[in-house]
Amino acid sequence: MIFEPLASDFYGFESLLTAPEQEAIARLRAWAETEAKPIVNEYWERAEFPKHLITPLLELDVARWAWPETTPFENSAVFRGLASMELSRIDASISTFVGVQDGLTMGSISECGSQEQQDEWLPKLASGEVLGAFGLTEPQSGSDSAQGLRTTATRDGDDWILSGSKRWIGNATFSDITIIWAKDTADGQVKGFIVPTDSPGYSATKIEGKISLRMVQNADITLEDVRVPERLRLQHANSFRDTAKVLRLTRAGVAWSSVGVAVGAYEAAVAYAKERVQFGKPIAGHQLIQDLLSKCLGNITASMAMCVRVSQMLDEGTQRDEHSALAKAFCTARMRETVAWAREIMGGNGIVLDYHAARFFADAEALYSYEGTREMNALIVGRAITGTAAFV
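Numbering (UniProt numbering), first residue to last: 1 to 392.
Dropping the structure here:
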């Protein structure tokens with residue numbers, strides 16, 4: 001399949017990709033444009049996830065690329081970031097589904113699981129035989145998860161008893177397993193568990209009434225003395241520092257997704273500006289419209305550059321928490337500006353789904369908040385700058 005660079009990749013970052021990586025992006029782009037884009041507004045409005053897309057999407061290997069146990073070819077973090085961007089420029093909810101499946105669920109097992117757990121679960125998750133979710137956030141614990149986690153895990157012979165609740169858990173209404181993070185009542189440390197969702201005492205209830213990422217099936221999870229065998233405890237998750245290893249990887253992924261949302265809104269605005277005629281000519285020929293488009297493209301290019309470098313640092317083994325935190329905070333803020341300008345270009349038409357910008361505008365709010373708010377990520381960066389923590 002022939003790879004054509006995006007016009008919105010103004011500085012040509014996609015030229016960094018190898019030939020196999022470009023071919024994989026081309027396949028993903030073709031699938032997203034033909035299979036996903038025509039239906040996303042309909043499903044977004046109904047707040048349903050198009051589950052019939054899951055199998056063909058995973059057949060494109062999107063959940064295999066990051067992990068040595070499953071990857072079909074050698075690839076870079078820049079490639080994986082651009083793939084996330086590619087999905088997000090069509091729809092952020094579909095990109096979020098992949099991020100939960102391969103980034104959070106598979107990432108937890110890859111980073112914190114034993115070799116046996118990796119061998120058992122990663123291929124099943126990569127193929128879609130098993131669908132996953134990631135349970136960290138709680139009704140009363142979000143930014144303070146390192147200290148404020150209330151879900152408990154108590155050892156009982158060869159089992160663990162999990163009790164508590166989780167909130168905002170993506171994919172959780174249809175997942176087969178959920179990675180549950182809970183505080184060990186014996187030592188007070190956070191530990192991770194692979195919890196089958198058909199376990200007695202486990203329940204998930206869809207969160208209704210969302211204005212953002214409406215296709216993502218977020219759920220409230222209740223754990224009432226859920227019994228989990230020791231073999232399903234993540235063997236290398238012994239404190240919140242281990243949880244943070246997973247978040248470091250996915251935080252950079254959210255930065256890439258935010259670039260994709262900005263690109264999607266910008267592309268919709270460019271197309272609209274070329275077609276919309278006012279005062280006898282397309283509004284694309286008006287100075288104020290060109291100014292807004294130029295500012296959109298500047299935000300996109302700067303954000304893409306930051307994401308590329310953060311991904312390169314991941315491959316080099318030099319990426320630290322503050323690097324991914326700065327990318328997430330900066331790129332989501334620039335995304336917020338960009339989608340607003342794109343919506344503005346469309347005037348009143350910018351608030352209806354027909355022209356796509358409204359969906360990107362609404363979805364941007366969720367990306368801006370999850371995987372660490374802008375403020376929390378700023379404090380992670382601030383700690384690195386000053387050597388002093390200012391979280392409370």
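Glycine included, every Cβ here is placed at the ideal spot set by N, Cα and C. These figures come from a predicted structure and were not determined experimentally.
By how many angstroms is the C-alpha of residue j removed from the C-alpha of residue i?
{"i": "residue 480", "j": "E35", "result": "The structure shown has nothing for residue 480, since the chain only spans 1 to 392."}
{"i": "G148", "j": "Q140", "result": "8 Å"}
{"i": "A153", "j": "R233", "result": "10 Å"}
{"i": "A364", "j": "S163", "result": "33 Å"}
{"i": "T71", "j": "A342", "result": "37 Å"}
{"i": "R320", "j": "R241", "result": "13 Å"}
{"i": "R383", "j": "A329", "result": "14 Å"}
{"i": "W67", "j": "D354", "result": "38 Å"}
{"i": "R374", "j": "S127", "result": "34 Å"}
{"i": "I385", "j": "E344", "result": "36 Å"}
{"i": "F225", "j": "C296", "result": "A small fix is needed here, since residue 225 is Asp in this sequence, not Phe. Cα to Cα, the separation comes out at about 50 Å."}
{"i": "A24", "j": "L60", "result": "8 Å"}
{"i": "T318", "j": "Q312", "result": "9 Å"}
{"i": "N75", "j": "A19", "result": "10 Å"}
{"i": "L17", "j": "V308", "result": "11 Å"}
{"i": "F73", "j": "V62", "result": "12 Å"}
{"i": "F361", "j": "D184", "result": "40 Å"}
{"i": "A305", "j": "G81", "result": "12 Å"}
{"i": "W181", "j": "A262", "result": "32 Å"}
{"i": "I2", "j": "A237", "result": "43 Å"}
{"i": "G347", "j": "T197", "result": "45 Å"}
{"i": "G253", "j": "L288", "result": "33 Å"}
{"i": "W44", "j": "D159", "result": "41 Å"}
{"i": "E230", "j": "I161", "result": "10 Å"}
{"i": "G113", "j": "A172", "result": "21 Å"}
{"i": "R359", "j": "R167", "result": "23 Å"}
{"i": "N218", "j": "A255", "result": "20 Å"}
{"i": "R64", "j": "G280", "result": "51 Å"}
{"i": "V380", "j": "R214", "result": "Looking at the sequence shown, residue 380 is not Val but Ile. Spanning the two alpha carbons is a distance of roughly 29 Å."}
{"i": "N349", "j": "I179", "result": "41 Å"}
{"i": "residue 405", "j": "F13", "result": "Any question about residue 405 goes unanswered here, given that the chain covers just 1 to 392."}
On the premise that residue j lies in contact with residue i, defined as a C-beta separation below 8 Å, what is that separation, rounded to the nearest angstrom?
{"i": "V246", "j": "E111", "result": "5 Å"}
{"i": "V339", "j": "A357", "result": "7 Å"}
{"i": "G99", "j": "S257", "result": "7 Å"}
{"i": "I221", "j": "I194", "result": "Rounded, the Cβ-Cβ distance is 14 Å, inconsistent with contact."}
{"i": "L249", "j": "G103", "result": "6 Å"}
{"i": "T105", "j": "A133", "result": "7 Å"}
{"i": "I169", "j": "G135", "result": "5 Å"}
{"i": "R334", "j": "N377", "result": "Rounded, the Cβ-Cβ distance is 14 Å, inconsistent with contact."}
{"i": "G107", "j": "R251", "result": "Their Cβ separation, rounded to whole angstroms, is 11 Å, which puts G107 and R251 out of contact at 8 Å."}
{"i": "S93", "j": "E267", "result": "At roughly 18 Å, the Cβ-Cβ gap does not stay under 8 Å, so S93 and E267 are not in contact."}
{"i": "F174", "j": "L131", "result": "6 Å"}
For residue i, does the count of other Cβ atoms within 10 angstroms reach 16, so buried, or fall short, so exposed?
{"i": "D291", "result": "exposed"}
{"i": "F10", "result": "exposed"}
{"i": "A389", "result": "exposed"}
{"i": "S294", "result": "exposed"}
{"i": "I39", "result": "exposed"}
{"i": "H323", "result": "buried"}
{"i": "E116", "result": "exposed"}
{"i": "T243", "result": "buried"}
{"i": "P200", "result": "exposed"}
{"i": "S95", "result": "buried"}
{"i": "D156", "result": "exposed"}
{"i": "D91", "result": "buried"}
{"i": "A186", "result": "exposed"}
{"i": "residue 404", "result": "Since the first residue shown for the chain is 1 and the last is 392, residue 404 is missing from the structure and cannot be characterised."}
{"i": "T205", "result": "exposed"}
{"i": "Q118", "result": "buried"}
{"i": "I351", "result": "exposed"}
{"i": "P50", "result": "buried"}
{"i": "R336", "result": "buried"}
{"i": "Q278", "result": "exposed"}
{"i": "T137", "result": "buried"}
{"i": "F391", "result": "exposed"}
Return yes when the C-beta of residue i is under 6 Å from any heavy atom of the ligand SAM, and no when it is not.
{"i": "E33", "result": "No copy of the ligand SAM appears in this structure; indeed no ligand is present at all."}
(request) Jot down the residue ranges of each uninterrupted beta strand (DSSP E) in the region 103-128, minimum 3 residues, whole runs only, in chain order. (result) Qualifying beta strand (DSSP E) stretches: none in this window.
(message) Suppose only complete runs of 4+ residues qualify. What are the alpha helix (DSSP H) ranges in the region 231-288, listed by chain order?
(response) With a minimum length of 4 residues, the unbroken runs of alpha helix (DSSP H) contained wholly in the region 231-288 fall at 240-275.
(request) Give, in chain order, every unbroken run of the beta strand (DSSP E) that is at least 3 residues long and sits entirely within the region 196-233. (result) The beta strand (DSSP E) runs lying completely inside the region 196-233 and spanning 3 residues or more are 202-206, 219-229, given in chain order.
(message) Quick test of the definition: if touching needs 3 or more C-beta pairs under 8 Å, does the region 15-31 touch the region 84-91?
(response) In this structure the region 15-31 touches the region 84-91; the number of beta carbon pairs closer than 8 Å is three or more.
(request) Determine, using beta-carbon pairs with one atom in the region 207-224 and one in the region 268-287, whether at least three such pairs fall under 8 Å. (result) Two segments are said to touch when three or more pairs of C-beta atoms, one from each, lie closer than 8 Å; by this definition the region 207-224 does not touch the region 268-287.
(request) Report the residue ranges of all beta strand (DSSP E) runs contained in full by the region 321-352; include only those spanning at least 3 residues, in chain order. (result) No beta strand (DSSP E) of 3 residues or more sits fully in the region 321-352.
(request) Ignoring anything shorter than 4 residues or poking outside the region 32-104, list the alpha helix (DSSP H) runs there in chain order. (result) Within the region 32-104, complete alpha helix (DSSP H) segments of at least 4 residues are found at 37-46, 54-58, 77-88, 92-98, given in chain order.
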